[in-house]
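Per the working numbering, the very first residue in the sequence shown carries number 786; after that it's consecutive.
One structure below.
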Amino acid sequence: MSHASQDTELYDSNDALRAHGIIPPKKPSRSPSPDVPTESERRERSRMQATVADLDEELETADDDEERILLRLRQQRMQELSISTKMARFGRVYPISRPDYTREVTDASKEDTSPVGTDDSRKGTGVVCFLYHPSMDTSKLLAGYLDTLAAKHPATKFVSIVGSQCIPNYPDHNLPTLLIYRNGELRRQIVGLRPEIGLDGLRTTLADIELLLTAVGAIDKPASGQQNSRSKYSDDEEEEEKLARSNTQGQDDDDDDDLDWD
């Protein structure tokens, strides 16, 4: 009998034994190893994450063709840095006085920081004006949260002013109040840390405030893929944002009488 016939009979016998559970099943074959990236692919991936300094170092030894590619990447990276620096120009809460209001709040909200020609180039700057009472616990709580959010979202301008100094005779029971501006317009008024707008008095959390400010447009949602940011909002958060929008929108008309700017 030939070796081929013997091998075939052996395989058939083994299959029969496995079918009856007499010998263990065959071990699964190893899946093929993923393709190893080529040197060109590794270099391209590295360049997409390279800083300006990295590109400058590579330019020193690049040939003419490579130099054109690297210079184009360097220009792109410089533009990205310029936009990022321009947008992230605040980073803290700025105390203001009543005479500063128009310049630091209304006019500041008209400034465009996004590149011309983009969808965001005419939306202005988000400005959050924090009206507070220095001895109120809720004002102290919110002040701490706003300090954190101002550092986390430096493209949004945060300012603070004592409520009665901003609006004469403004009632303490309306404090703390947040006035949200964009493009020179008062977009929202958030009066107190009330359950109707998704807050809970002294039990209000930093996440509650961040979610509400994002919902009303004071803080921009992070772009997809942005570092240290959520790439999308969960279904529950979307529902909370809708609730926050509807409550703060309905509140605008009710509170207009309290805002006497004259």
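C-beta: ideal position from N, C-alpha, C; glycine also.
Values in this document were obtained by computation on a predicted structure and should not be read as measured data.
CA-CA distance, residue i and residue j?
| i | j | result |
| --- | --- | --- |
| serine 831 | aspartate 1005 | 29 Å |
| leucine 858 | threonine 836 | 10 Å |
| proline 884 | lysine 925 | 24 Å |
| threonine 990 | leucine 978 | 10 Å |
| leucine 984 | aspartate 993 | 7 Å |
| proline 939 | phenylalanine 875 | 5 Å |
| valine 890 | histidine 958 | 23 Å |
| threonine 923 | serine 945 | 14 Å |
| glycine 986 | leucine 997 | 14 Å |
| alanine 847 | valine 821 | 25 Å |
| aspartate 937 | glutamate 995 | In the sequence on display, residue 937 carries lysine and not aspartate. Cα-Cα distance, rounded: 10 Å. |
| tyrosine 955 | isoleucine 982 | 21 Å |
| threonine 962 | glutamine 861 | 41 Å |
| glutamate 829 | threonine 823 | 10 Å |
In terms of alpha-carbon separation, which member of the options lies closest to residue i?
| i | options | result |
| --- | --- | --- |
| glutamine 950 | His918, Ile975, Val912 | His918 |
| serine 882 | Arg853, Gly876, Asn959, Val947 | Val947 |
| methionine 863 | Leu997, Asp839, Gly969 | Asp839 |
| alanine 928 | Leu856, Gly911, Gln861, Pro880 | Pro880 |
| arginine 973 | Pro980, Ala1000, Asp850 | Ala1000 |
| methionine 921 | Glu970, Leu960, Asp841 | Leu960 |
Assuming residue i contacts residue j (C-beta within less than 8 Å), just tell me the rounded distance between them.
| i | j | result |
| --- | --- | --- |
| leucine 931 | valine 878 | 5 Å |
| arginine 853 | lysine 908 | The Cβ separation is near 36 Å, so there is no contact. |
| leucine 855 | glutamate 843 | 6 Å |
Return yes when the Cβ of residue j is within less than 9 Å of the Cβ of residue i, no when it is not.
| i | j | result |
| --- | --- | --- |
| lysine 942 | valine 913 | yes |
| isoleucine 952 | isoleucine 965 | no |
| glycine 969 | aspartate 849 | no |
Hey, is residue i's beta-carbon within less than 9 Å of any beta-carbon in chain D?
| i | result |
| --- | --- |
| glutamate 851 | The structure shown has no chain D; it contains just one protein chain. |
(message) List, from N- to C-terminal side, the beta strand (DSSP E) runs of 3 residues or more that fit wholly inside the segment 880-940.
(response) Counting only runs of 3+ residues, the beta strand (DSSP E) found wholly inside the segment 880-940 occupies 912-917, in chain order.
(request) May I have a chain-ordered list of the beta strand (DSSP E) segments no shorter than 3 residues that lie completely inside the segment 958-1007? (result) Here the runs fully enclosed are 962-967, 970-976.
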